[in-house]
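My numbering puts the first residue of the sequence shown at 8, with every later residue one more than the last. Using N, Cα and C, we set each Cβ at its ideal position, and we do this for glycine too.
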Amino acid sequence: MANIKQEDKLRAAFKDRTDQTIDFKDQYRIMIALIVLTLLVWVMVTLLSKLILSSNELIFSYLVDHANLYSYAAFACIIIVVAVFRSYLYQISAFKDAFGDGASESIRFFHQTYETDQNSEQIIHTVYTRPTFMRGFRRWLITILTIGAGGSGGLEGPAIPIGEAMATGVSKHLGIQNVSWLRVLQMCGISTAVTTLLHAPLTGCIFASELVFGGRFIYRTLMYSMASSLIAFILSNHIMHVEPLFIIQHHSLKFTLVEYIYVIIVSIVVSVPSGLGLIIIFNRIKSLMSLLPVYTHATIGACMCVMISASLWYFCDIEPQHVLGVGEETIIELLQGVPFSTLSDWTILLTILVSKIILTGFTIVSGGSAGLLIPAVFVGVCASSSLYILLSHAAFYFMTPDLYQLFLLVGIASSLICIVDLPIATIILVTELFGVSFLPPAILAVAVSRVLANYYKKNFIH
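Here it is in structure tokens:
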């Protein structure tokens with residue numbers, strides 16, 4: 008997700024003195040800012056999610072219901088026209104910061120407040136001279152134009168700069184002049200955005216803290232992030248009546264030796280496409296795009312989405328929603344284990360996996376606003392499901408239907424750690440989404456996959 012070096016995170020955490028130096032004389036103003044910020048980010052991210060998912064459902068259902076050349080030609084016109092419009096917006100200087108996943112830039116600006124000789128007032132002045140609310144709104148708009156029109160990617164990456172921009176705007180308009188409180192509110196904005204999308208409050212605040220500070224937690228910042236995450240969680244429950252993101256069957260707290268062995272096998276297999284394949288494919292796409300004028304990138308990315316998805320549908324009977332859009336429906340279908348669907352063929356699943364990585368790469372590298380968290384879950388589910396089907400057909404040792412859910416959960420954990428590299432947040436997310444009984448295999452999968460991912464990056468990427 009965010010391309011931030013671990014040493015930069017740890018350096019920022021080392022220099023942070025929030026727990027020792029924060030001033031409580033504006034405590035009431037801070038609480039008002041936290042509540043206003045949480046409400047604002049929750050509304051924006053909820054609207055973002057609903058609009059994009061509804062748009063995807065409308066487009067893909069129309070394509071499937073009217074499966075002919077004219078319907079796909081109409082889809083091609085929509086996604087290409089929107090891409091041309093995004094290319095036009097990219098030429099406007101105000102929109103330069105609204106393309107790509109955005110998370111890396113937001114965290115980099117956050118870290119830069121620690122890498123300066125300026126005092127608190129000067130840092131605040133520098134931060135407040137940047138666009139705030141409008142920067143968040145522009146990111147929100149470009150994300151809708153990217154994924155809502157049929158691009159491939161997740162929402163969590165773009166939600167991070169939206170949360171950070173809204174936090175900066177709220178702080179500016181409420182006259183907060185303490186840089187420590189500004190950082191606290193920015194973390195609250197990020198955690199609120201993530202919680203709203205994943206419906207996992209503890210994951211939201213841990214995700215934000217680990218994303219910014221790596222292996223160290225700033226407790227005061229974490230406590231306020233927990234408060235904002237909880238408010239967002241309650242709002243989603245009581246106003247939107249949000250259901251859990253994914254549901255699988257529960258497992259007993261006891262795992263057998265055979266199950267632990269399969270956890271290691273699945274982790275090794277899944278770490279290849281997630282830890283090695285995705286990076287290689289993205290680098291190849293970046294090299295290709297660097298040879299072309301910037302104003303053509305969005306159009307080329309859209310054309311690739313159309314051509315690849317159309318080819319897969321025509322030759323492999325793979326419907327567009329399996330490789331375009333957010334991909335949550337495909338993940339849910341695999342988690343439910345639909346036996347007679349197209350997704351019961353391991354070769355089809357591998358084709359979908361590779362195609363999803365390629366199309367997500369073209370969407371993001373071409374300038375689209377999209378993230379990698381849900382695509383990481385997608386890759387993990389497809390890779391582990393195809394492995395389970397292959398081993399079952401080969402009558403591999405001790406393969407039983409009860410192992411299917413375990414394979415998929417391990418695949419999700421392994422893929423997430425390889426792509427987003429947030430080990431604690433990954434383990435907590437798996438536990439919050441699927442239950443505490445899956446904590447032991449999640450820990451083992453994260454440990455094995457992170458070692459392999461770091462080995463791949465060190466020996467095959469650089």
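Note on geometry: alpha-carbon atoms of Ala215 and Ala74 lie some 42 Å from one another. Distance from Ala309 to Ile87 at the Cβ level is roughly 5 Å; contact confirmed, criterion being Cβ atoms closer than 8 Å.
Take the alpha-carbon of Lys464 and the one of Phe445: they are about 28 Å apart.
Runs of the alpha helix (DSSP H) lying entirely within the segment 233–275 and spanning at least 4 residues: none are present. 8 Å or more divides the Cβ of Met173 from the Cβ of Val333. In the DSSP assignment, Gln119 falls within the alpha helix (DSSP H) that extends over 110–119. CA-to-CA, the gap between Pro251 and Leu298 works out to about 43 Å. Taking a C-beta distance under 8 Å as the contact criterion, Met314 and Phe369 do not qualify as a contact pair. Per DSSP, the continuous alpha helix (DSSP H) segment holding Phe385 begins and ends at 380–400. Rounded to whole angstroms, the gap between the alpha carbons of Thr175 and Gln98 is 25 Å.
Around the beta carbon of Asn126, a 10 Å sphere encloses fewer than 16 other beta carbons of the protein chains shown; the residue is thus reported as exposed. In its chain, beyond the 5 residues on either side, Ala90, Arg93, Ser94, Ser373, Gly374 have a beta carbon closer than 6 Å to the beta carbon of Ala305.
In this model, Leu451 and Ser61 are separated by some 37 Å (Cα to Cα). Membership of Thr45 in the alpha helix (DSSP H) is indicated by the continuous run 34–72.
Ranked by Cα distance from Leu350, the first of Ile371, Leu366, Ile325 is Ile325. Straight-line spacing of the CA atoms in Pro327 and Phe67 works out to 7 Å. Counting the other Cβ atoms within 10 Å of the Cβ of Ser348 gives fewer than 16, which makes it exposed. Counting along the chain, Glu326 sits inside no alpha helix (DSSP H), nor does DSSP assign it H or E at all. Annotation for Lys179: Tyr135, Thr139 place their beta carbon closer than 6 Å to its own, counting only its chain and skipping 5 residues before and after.
Short of 6 Å from the beta carbon of Phe289, and not among the five residues preceding or following it, lie these beta carbons of its own chain, in chain order: Gly368. Under the 8 Å Cβ criterion, the segment 396–405 does not count as touching the segment 427–439, having fewer than three qualifying pairs.
Under the criterion of beta carbons closer than 8 Å, Leu366 and Ser78 do not qualify as touching, at roughly 19 Å. With a 10 Å radius around the Cβ and a threshold of 16 neighbouring Cβ atoms, Phe220 comes out buried. Residue pairing from DSSP places Ser159 in a beta bridge opposite Gly332. A direct Cα-Cα distance of roughly 36 Å separates Ser111 from Val71.
Between Leu162 and Ser56, the gap from beta carbon to beta carbon is short of 8 Å. By the CB criterion at 8 Å, Pro447 and Phe144 fall outside the cutoff.
In this structure His245 is exposed. Its beta-carbon is surrounded by fewer than 16 other beta-carbon atoms within 10 angstroms. Straight through space, the alpha carbons of His258 and Leu58 are spaced by roughly 35 Å.
Shown here, Pro208 sits in a helix according to DSSP, grouped into three states. Leu342 is a Cβ neighbour of Val388, given a cutoff of 8 Å.
Looking from the CA of Ile271, the closest CA among Phe414, Thr199, Leu283 belongs to Phe414. Pro280 places its beta carbon 8 Å or farther from that of Leu204. Classified as buried, Met296 has 16 or more neighbouring CB atoms from the shown chains inside 10 Å of its CB. Under the 10 Å beta carbon count, Tyr226 is surrounded by fewer than 16 other beta carbons and is classified as exposed.
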